[in-house]
Amino acid sequence: MRRMMLLFLAVLMVASVGAAQTQFGTITGRVADSTGAVVPGAKVSVTNTATNTKNTTETNNEGIYVLPNVAAGTYDLEIEKSGFKKVQTRVTLSIAQRLGLDFTLDLGQITEVVTVTESALVINTVSGELASEITPSDLRNLPLLTRNPYALIALSSGSSDTGSVTGDTRGLGVAVYGTRTSSVNFMLDGGENNDTFVAGVGQAIPLDAVQEIKVQKSGTTAEFGRNMIVANVSTKSGTNEFHGSVYEYYRGAGLSSSTFDDNANGTPKSNFVRNQFGAYAGGAIIKDKLFYAGSFEAIRVRSNATARYFVPTAAFMSNASANTTAFISAFGGVPASSCTDQAITAQQIVEDVEGGGPGSYATSPLLNSVTLAPIAAGTQLFCRTTLKRPADSGGGTPQNTWLATGRIDWRISDKTTFFGRYAFQFSDFFQGSNSFSPYQGFNTGTTQKNQNLNLTLTHSFSARLFNETRAVYNRIFQLQPLGAAPATTPCWQYDYFSNSPTGDLIVFPGYVPDVCSFAGIPFGGPQNIYQAASGFTYLRGKHTIKWGGQYLHMRDNRTFGAYENAYFDTFSMQGMLDGLVDFVFAAIDPKGKVPGDVYDTAVDGPFTFPSFTRHYRYNELGIYAEDSWKVTPRLTVTAGLRWEYFGVHHSPANEKFLDANLYLDAVGSVPPIQTTPKTVYEQVRDARFRRTNQFYRPDYNNFAPRLGIAYDVFGDNRTVFRGGYGVFFDRNFGNAVFNAIQNPPNYAVISLGVSAPINPNQFTTLASGGALTISSSARMLDNDLVTAYGQQWNATVEHDILGKGVIASLSYVGTKGDKLYSLNNLNQRGSCLLIVSVVPGYPCSPNTSSARINRTGLTGMNRRGNEGMSRYNGMTFEVRTRKLAETGLTLNGNYTWSHSIDNVSSFFADSTFEGLFGFGFRDPYNPALDRASSSNDIRHRMAINGVWEIPFAKGMKGVAGQVLDGWVISGIFQAQTGGAFTVYDNSSSQCNDSGTNFCYPVLVGSTIPTMTATPVTGSPNTFTLYTLPGTLYQSHEAYCTANSLNSPLGPFGGSAATAYGCTAILANLRADLTSPRNLFRTPGIWSLDAGIFKSFRLPLEGHRLQFRAEFFNLFNHSNLYADAGTNLFAGSGDAVTAKRGITPGGVFERRNIQLALRYEW
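1787 is the number that this note's numbering gives the last residue of the sequence shown; the numbers go up by one with no jumps.
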């Protein structure tokens, strides 16, 4: 039986992928006698104080013992050997911790007991890892606004809050040690818990079900794979005693303050109510052997916000064409509005909204579309409607959410344990929380149904060989459906829709009218992940050897309706009245055609949708081996090697015909036969779409060496030097590669300048122009795409001050990221100038709007590649203590100074200062030009959290005890400097007309203006942060009017007639003349949250009632935040503005008070 089990586990290990992470810890050490001689054959046992389950082993001939597969918790450790006194101590083990404990045995009878008192915190003397733990006490007592356990990783050293200062909220909006926010690996009980499509957390669970959290920030051991940053949440197991809790947390508008912005604008406070209630219970089915634990939590949020839009009036309808009125009438007609509130007249449209200037209406009036008679200047064409929409007004997005977990722990024998845990989540986000419109049929919501199953078996084959095997199933199922309006409904947008006098949007029918051109619904489907992992630990002499592996299989069954609802843009109000569409983005099935081909409905049939659904498959594999060598009693060296394979996503056999990609140099034979290698420009020129069975070549060369050292400097376990080095590979996240579904010849997002009548059915509008030439962009996966990787090296000196469990450390961490994932448009407008120098005579007219290298009808060539890099250096000082002396005080504090450098900070330009203006590089063919401080370069950050269990009345009886005992005060203080951002060019240029590229103004000076906070007169809660001088910047347009630039086609610039060609030179040939990235900084921020709790003892022993009051943003402080979207330069005097209390991601700061009542036993 033993041989069969060993064979089965070995086969499973060999078949495995991803990252053999674990939630179990290891206790190891050396046992010697008083002379220093090793003691072999000593019995070492640890007993869980909550379950009375015991793990036992023996020291080997070197006096070394190892106890792997030990769950996080508190243990009584005993060492006994005939002829020596027994040693006992109590230790606490955290998730995946390697705890080193050496002992000295004194001669004597085994019945004599020596009790060793360990401090609450024990220094790590056996590995080079860097990690932070969120303990059970922290989870119970720290104020946590959403009760999301993963949010606490922001307290770990080296973390930076990017979501608040730059708007980069991917993952959790936290960057650790200079890594991207998308590069945090979320785990639950040691298994996969990632929503791989967006690189975020998958399954949510109740906080009361969580035992502990560990943030692994330097996996110097080879058993940890994928990213260098791992956030591992461990759930509670049952115990011999029946324990549990019932609770209700309440947050409401009545307990919150108004926001700074509401006060500044005189806006009434929006109403919201959040109720979060649930229960947890755990106990024993069979004492000392079989345990259960379960939890349930419900979240109910009722919240709304004021939404104001300008909508057409009856006067507009009476002056509009039949096509316009029919379109609006198809969706319920003109919404109710109030012209006494706000109105926009015909004259205001021409002179203010469209920028014609005072008096221009007299010469260029709007015309009645039927009679062609001028519309009276004072005609109110739009009036404002004020609505309430489901939105986060302080309590979260309006929702009904249910969370549940169930767990069984079974000690099958002294050598074998098993646990199974199931987690469930269902969320219903209300209609209007996703798409909201004043017109009928366009309000939509979101549902989320997630499940996570983890089955783990551990077995001890002997005192030297141990195994852990795990199987995980993780299902993420989100749905964002359409509403009542049919899928063929376009979103019709007025080009000046955001230029109203009040800033409220002028909207027409369509889904998500706030962002017509970026809508992507319907969206969603089940992501299923199957994971199997196995790892072995073997003790031989002074060596603890580990090996194992993991296999992960993902099935991403997803619908993504990118441009299923076409985006129709009309350039003027006269065009809106006439019912004419000027520009189209729409998804069609091109029926085998590619850009440049003609689609004629008379020949090819009517326009239809492409397939928006794919069932991609994906595999990962990882294997590792490492040796932890106890070189001397004070020095441990761990060396290992990990190999990982991150597969290429692919369709099942019945859908492979849908897969297509754009390949460079794809004209003629495949592969091309060359006598003279082509330049990159020629390869871009000859790029073509092809159906494919493989999007890009697999990358098998992912070897990751790891090295860690731990040196007990004085041999007293109080001062240690640790260091490490490792290479880490990172998977590409789903959305970055999934968008390849949009590639012709099976799917095309056509972008066309048209003059076609508006119609409720978008295909009718498209067909009205007859045959059309397909013009579409590429979501190109580089055929040479490889796995991104990073290197990390670190050194730490850590000291236990006075041996009392006050741990102070000073750490240095350096990281180097290479071949990071990037998005880059190789075919921007005006780029034909690049190829002329190598192919003289190539047709190129940079003054035209479509002068690209590839002239097949391809617009943007948006390549997913490996052109990113990063560098990070940081120093961290940290102090930790657990219940200092007899004061009841637990304190954790860290300060980090760091500098982060890169050439692109995220794949999708996740900073809101970037994402509003494109993606890519200044020079698409020289990404190194963009090397600068990262967008998430937070130079200074401090995080302090503490819990004070006030001890002065502890144990006091009677009324005095009920009043004075049981008080707890806790708090979290965070402060950091700001991030970096770029000012972009806002003039008319070839770069801006490309529609995807970052466009930088021309740098003509060197003095960066000073940051200010000057109030803007007449604009409540608006402050001038930077005034942009003409001595620093010139726009492309202004520079080219005043200067001439040479090109292979001769000089351009110096006059209005040739300036446009000159801007093409700036964007393509002379990007070095433009501004570098990230010259400006956002302001710093700080916050203080606090909690005060009072527990009352109840007559039943161990039962208590706790009242909690938690204060978030205790002092109601409103930080100053740069206003994303104002970082634009068109001319001297333009300003980057800021607002108080509104983050770049749109979160409004306020003081929130959360009250809770808990019954615990």
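Just so it is clear, CB atoms sit at the ideal spot from N, CA and C, and this is done for glycine as well.
{"Asked": "When burial is assigned at 16 or more other CB atoms within 10 Å of the CB, is SER1237 buried or exposed?", "Found": "exposed"}
{"Asked": "Smallest Cα separation from ARG1090: which of ARG1096, PHE1364, THR654 and THR1485?", "Found": "THR654"}
{"Asked": "Is LEU632 helix, strand or coil by DSSP?", "Found": "Note on LEU632: pLDDT 43, under 50, position unreliable in the model; the coordinate value appears next. Helix, per DSSP."}
{"Asked": "Along the chain, where does the alpha helix (DSSP H) that runs through ILE954 open and close?", "Found": "948-955"}
{"Asked": "If you draw a straight line from the alpha carbon of PHE1624 to that of ASP1611, how long is it in whole angstroms?", "Found": "8 Å"}
{"Asked": "Compute the Euclidean distance between the alpha carbons of TYR1337 and GLY845, then round it to the nearest angstrom.", "Found": "18 Å"}
{"Asked": "Would you report the Cα separation of LEU1705 and ASP1528, rounded to the nearest angstrom?", "Found": "13 Å"}
{"Asked": "Starting from GLU1270 and walking both ways along the beta strand (DSSP E), at which residues does that stretch end?", "Found": "1261-1272"}
{"Asked": "Output yes or no for whether 8 Å exceeds the beta carbon distance between ILE1214 and PHE1233.", "Found": "yes"}
{"Asked": "Roughly how many whole angstroms lie between the Cα atoms of ASP1563 and GLY1771?", "Found": "17 Å"}
{"Asked": "According to DSSP, is LYS913 part of a helix, a strand, or is it coil?", "Found": "coil"}
{"Asked": "Please return the same chain residues whose Cβ sits closer than 8 Å to the Cβ of MET1487, not counting the five positions on each side in sequence.", "Found": "LEU1288, VAL1310, ALA1313, SER1403, ALA1404, MET1406, ASN1451, LEU1452, ASN1453 and ASN1480"}
{"Asked": "Could you tell me which uninterrupted alpha helix (DSSP H) segments, each at least 4 residues in length, are contained entirely in the stretch 796-861, listed from first to last along the chain?", "Found": "none"}
{"Asked": "Could you tell me if VAL996 is buried or exposed, where buried requires 16 or more neighbouring beta carbons within 10 angstroms of its beta carbon?", "Found": "exposed"}
{"Asked": "Near LEU638, what residues of its chain come up, given a Cβ to Cβ distance below 7 Å and the 5 sequence neighbours on each side ignored?", "Found": "The predicted model places LEU638 with a pLDDT of 43, which falls under 50 and marks its position as unreliable; any figure quoted below should be read in that light. Here the set comprises THR1095, ALA1158 and SER1160."}
{"Asked": "Between the alpha carbons of ARG1348 and GLN723, how many angstroms are there, rounded?", "Found": "15 Å"}
{"Asked": "Using CA atoms only, rank isn't needed, just tell me which of THR1031, ALA999, GLN973 and GLY1687 is closest to ALA988.", "Found": "GLN973"}
{"Asked": "Exposed or buried, GLN1320, counting other C-beta atoms within 10 Å across all chains shown (16 or more means buried)?", "Found": "exposed"}
{"Asked": "In the structure shown, what three-state DSSP assignment does LEU1459 receive?", "Found": "helix"}
{"Asked": "Between which two residues does the beta strand (DSSP E) harbouring HIS1566 extend?", "Found": "1566-1575"}
{"Asked": "Which residue wins for smallest C-alpha separation from PHE710, given the options ARG1260, THR661, PHE957 and ALA1113?", "Found": "THR661"}
{"Asked": "Check this for me: beta carbons of ALA594 and VAL1210, under 8 Å apart or not?", "Found": "With the chain running from 627 to 1787 in the structure shown, residue 594 is simply not present."}
{"Asked": "Specify, as a first and last residue, the run of the beta strand (DSSP E) that GLY1032 falls within.", "Found": "1025-1037"}
{"Asked": "Taking the alpha carbon of ARG1240 as the point to measure from, which residue in TYR1307, GLN1368 and THR1227 has its own alpha carbon closest?", "Found": "GLN1368"}
{"Asked": "Reducing DSSP to helix, strand and coil, say where GLY1587 ends up.", "Found": "helix"}
{"Asked": "Mind reading off the beta-carbon distance from SER1059 to PRO1016? Whole number of angstroms is fine, and I expect it under 8 Å.", "Found": "4 Å"}
{"Asked": "Can you give me the C-alpha to C-alpha distance between GLN837 and SER1758, rounded to a whole angstrom?", "Found": "57 Å"}
{"Asked": "How should HIS1729 be labelled, buried or exposed, when 16 other C-beta atoms within 10 angstroms of its C-beta is the threshold for buried?", "Found": "exposed"}
{"Asked": "Quick one: using the 10 Å Cβ neighbour count with 16 as the cut-off for buried, is VAL1207 buried or exposed?", "Found": "buried"}
{"Asked": "Pull up the CB-CB distance for GLY804 and GLY826, whole angstroms please, since I reckon it's below 8 Å.", "Found": "Not a contact, Cβ separation roughly 20 Å."}
{"Asked": "For GLY1587, I'd like the list of residues in its chain whose CB is within less than 8 Å of its CB, leaving aside the five on either flank, ordered along the chain.", "Found": "ALA1579, GLY1581 and ARG1723"}
{"Asked": "For ARG1734 and MET813, what's the separation of their Cα atoms in angstroms?", "Found": "29 Å"}
{"Asked": "Would you mind sorting ARG1323 into buried or exposed? The rule is 16 or more other CB atoms within 10 Å of its CB.", "Found": "exposed"}
{"Asked": "Given THR675, which residues of its chain have a CB within under 8 Å of its CB, disregarding the five upstream and five downstream residues?", "Found": "GLY699, THR700, TYR701, ASP702 and ARG716"}
{"Asked": "Unbroken beta strand (DSSP E) runs of length 3 or more, entirely within the stretch 1204-1228: which are they?", "Found": "1206-1214"}
{"Asked": "GLN1616 by DSSP, collapsed to three states: which one?", "Found": "helix"}
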